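**Q** Provided herewith is a single structure, encoded as structure tokens, for subsequent inquiry.
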């Protein structure tokens, strides 16, 4: 039997890229400590993220996702995007891609407002609704969306907006 060339339409299958996803669990002392961090409130998330955002909290808007296992232990933190003084873009597909790779059970999303105003914008509200719907589709719980500022924060969950 001759070698038959398999094609996908006009494209040979050998020309189609192969997808490889990897996740490396860190074994550093800090990573081991972080895996044992249990988050039980929006204040816990604020305290945790506030330190990560410190150098840029009043200058550049950045968007983060924190991933949790079923016991609400932190599995990882991902800086999703970095923008300007007035906004940043966060793609739910990118946030969920990491959640699926980690086999996360739940997520908290958060971003800072360099202005210091904790009031959610219409874009913040829309993003929260979009993210919640996407999470529900994947059987992942969106625990909260925080807006972090220098002196305070806004929690969508605490305010009944989830």
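In our numbering, the protein residues as written are 149 to 310. All C-beta atoms, glycine included, are put in the ideal place defined by N, C-alpha and C. It should be emphasised that the depicted structure is a prediction, and the values quoted were computed from it without experimental measurement.
Less than 8 Å between the beta carbons of residue 211 and residue 189, yes or no?
**A** no
**Q** Between which two residues does the beta strand (DSSP E) harbouring residue 258 extend?
**A** 254–260
**Q** Give me the DSSP bridge partner(s) of residue 227.
**A** 212
**Q** Strictly by DSSP, which residues pair up with residue 267?
**A** Residue 267 is not bridged to any residue.
**Q** Would you give the residue range spanned by the beta strand (DSSP E) that residue 289 belongs to?
**A** Going by DSSP, residue 289 is part of the beta strand (DSSP E) stretching over 289–296.
**Q** Take residue 127 and list the residues in its own chain whose beta-carbon comes closer than 6 Å to its own, dropping the five residues that flank it on each side.
**A** Residue coverage of the chain in this structure runs from 149 to 310, which leaves residue 127 outside it and unanswerable.
**Q** When the distance is taken between beta carbons, is residue 215 closer than 8 Å to residue 244?
**A** Going by C-beta atoms, residue 244 is not nearer than 8 Å to residue 215.
**Q** Roughly how many angstroms lie between the CA atoms of residue 246 and residue 283, to the nearest whole one?
**A** 12 Å
**Q** Using the beta-carbon count (16 or more within 10 Å), is residue 273 buried or exposed?
**A** exposed
**Q** Using a C-beta cutoff of 8 Å, does residue 189 count as contacting chain C?
**A** Annotation note: the requested chain C is absent from the structure, which comprises a single protein chain.
**Q** Hey, residue 289 and residue 253 are a contact pair by Cβ (cut 8 Å); roughly how many whole angstroms apart?
**A** 7 Å
**Q** For residue 258 versus residue 193, is the C-beta distance shorter than 8 Å?
**A** The criterion of a C-beta distance shorter than 8 Å is satisfied by residue 258 and residue 193.
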